Amino acid sequence: MTPRTLKVGRVEQYILDELEKGPIHMTLLDPENFTIDSALRVAKVSEEAGSSAIMVGGSTISSQLEMDQFVQALKEKVNIPIIIFPNNVQALSRYADAVWYMILLNSVEWYYVIGAQMQGALFIRRYGLEAIPMGYLVFGAESAVSAMGRALPLPMSKPKVVVAYALAAQYMGLRFVYLEAGSGASSPIPTNVVQAVKSSIDVPLVVGGGIRSIDQMKKILEAGADIVVTGTMAERGEDALKALIRVVKNHMRKDER
Ligand code: 1GP
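Numbering follows our numbering, in which position 206 of the sequence shown is assigned residue number 502; successive positions increment by one, without gaps.
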């Protein structure tokens, strides 16, 4: 029998189609920080403002039941895809549209490089979830994700090391690379690091963590981020979130100006 060629799934194709028009925004909702009602409001505002997807996740999620209830409620209210941003196997919800199937590339822990992925794989198949393979690079030592994921510190002053990880992700066939400063980080990923990675890889580049001002958002976009993720700002009021989404929507790619 001829081996089947793997097809890009529906959500991934949607993301790629959206990226054809320019960079996109995704809103991250951590169920630990929202009631279902407040999450629904923020998700609706995000969708109306032009966010392309809702990511659901957080470093301390421990209940699959809560994830299911949260995701189910969101699915009823918004039309943009709901993508799980998992901290672990219990974050997988059968009600989501897709899951970022992430490898924490700079973790020193076997579990976050292949263990959780292996344990989650059978659930993903059983739930019929679309898995979107992504290389995940976590900066800084102060965030929950770096502590939980046992991330090896990445030197901000040596972008080449980061580029090497990102290229490795691409060569391994991962179809997105995420530079993560950590939720609530005091500052976003430095623009020279974003630039260095963007100019070295061909797969879409996701950047998140610590983006709170319009100025920071503009700089990250100028540096070449394809997908920007904001979480904390989704918890700080609708107007600020809408303003950030608007910056992404209005940003033209350099070659189109
Ligand atoms: C965290 O990158 C995301 O995983 C978002 O971070 O909460 O700082 O926006 P913020």
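A virtual CB, placed ideally from N, CA and C, is assigned to each residue, including glycine. These figures come from a predicted structure and were not determined experimentally.
Residue state for Y310 is assigned as helix, using DSSP reduced to three classes. Distance check between R422 and each of V502, V490, K371 and R390 places R390 closest, using alpha-carbon atoms only. Residue environment for T528: buried (at least 16 other C-beta atoms within 10 angstroms of its C-beta). If you check the C-beta of S479 against the ligand 1GP, you find a heavy atom less than 6 Å away. Cβ atoms of H321 and V499 stay farther apart than 8 Å, at about 18 Å. For S355, the CB contacts under 7 Å within the same chain, skipping 5 residues up- and downstream, are N383, A440, V441 and M444 in chain order. Boundaries of the alpha helix (DSSP H) harbouring L361: Q360 to K373, taken from the DSSP string. DSSP, read as helix, strand or coil, puts S482 in coil.
By the C-beta criterion, the region 478–491 is judged not to be in contact with the region 408–420, since fewer than 3 inter-stretch pairs fall below 8 Å. Residue state for L336 is assigned as helix, using DSSP reduced to three classes. Cβ contact annotation for P429 (same chain, cutoff 6 Å, sequence separation greater than five): Y397, L470 and R471, in chain order.
In this structure, A462 and P449 do not form a Cβ contact; the two beta carbons are roughly 16 Å apart against a cut-off of 8 Å. Taking 6 Å as the cut-off, one finds no heavy atom of the ligand 1GP near enough to the beta carbon of T323.
Excluding residues up to 5 positions away in sequence, M452 lie with their Cβ nearer than 7 Å to the Cβ of P486 in the same chain. Within the region 422–474, the complete alpha helix (DSSP H) segments of 4 residues or longer fall at 440–444 and 455–467, listed in chain order. With fewer than three CB-CB distances shorter than 8 Å, the region 354–370 does not count as touching the region 493–509. Leaving aside the five residues that flank V367 on each side, the residues in its chain whose CB is nearer than 7 Å to its CB run, in chain order, V352, I378, S389, Y391 and A392. Three or more beta-carbon pairs separated by less than 8 Å are not found between the region 297–304 and the region 318–338, which leaves the two stretches without contact. Under the three-state reduction of DSSP output, Y397 falls in the strand class. Only buried fits V307, as 16 or more other CB atoms lie within 10 angstroms of its CB. A492: member of the alpha helix (DSSP H) spanning T487 to K494, first to last residue. Relative to Q491, the option among Q466, R508 and V458 whose CA is nearest is V458. Nearest to Q415 by alpha-carbon distance, out of S403, E372, P484 and V385, is V385. The continuous alpha helix (DSSP H) containing M513 extends over residues I510 to E518. In this structure, A335 sits away from M363, with a CB-CB distance that is not shorter than 7 Å.
Each residue's CA atom was taken as its position, placing A464 and I523 some 20 Å apart.
Residue pairing for H321: DSSP places it in a beta bridge opposite V524.
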